[in-house]
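In this note's numbering, the protein residues as written are -2 to 70.
In this text, a Cβ means the ideal position worked out from N, Cα and C, and glycines have one as well.
Being a predicted model, the structure only gives us computed values, none of them experimental.
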């Protein structure tokens, strides 16, 4: 199983509140990485891309859960 698939399954297992917390934590980490890049302390710049994509995955799953909850009501 690929790393992305495992990450997606972990995100899908969380509830909406857990996903919101995950998004905030990822955004905080992404901000820190951007600051490191700006001060030229970041060695592996690919972590910026992977963090940004992980944020997008979490937001997508959160939107799917919210729309499913709205449809169920």
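Close beta carbons around residue i, own chain, < 8 Å, minus the five adjacent residues each side
i          : result
residue 33 : 39
Beta-carbon contacts of residue i that lie in its chain and below 6 Å, excluding the five residues immediately before and after
i          : result
residue 0  : none
residue 59 : 16
Cβ pair residue i, residue j closer than 8 Å
i          : j          : result
residue 4  : residue 46 : no
residue 10 : residue 63 : no
Q. Between the segment 18 to 26 and the segment 34 to 41, do three or more beta carbon pairs fall short of 8 Å?
A. By the Cβ test, the segment 18 to 26 is not in contact with the segment 34 to 41, since fewer than three Cβ pairs between them sit closer than 8 Å.
**Q.** Contained alpha helix (DSSP H) runs [length at least 4] in the segment 11 to 41, N- to C-terminal order
**A.** The segment 11 to 41 contains these whole alpha helix (DSSP H) runs: 13 to 35.
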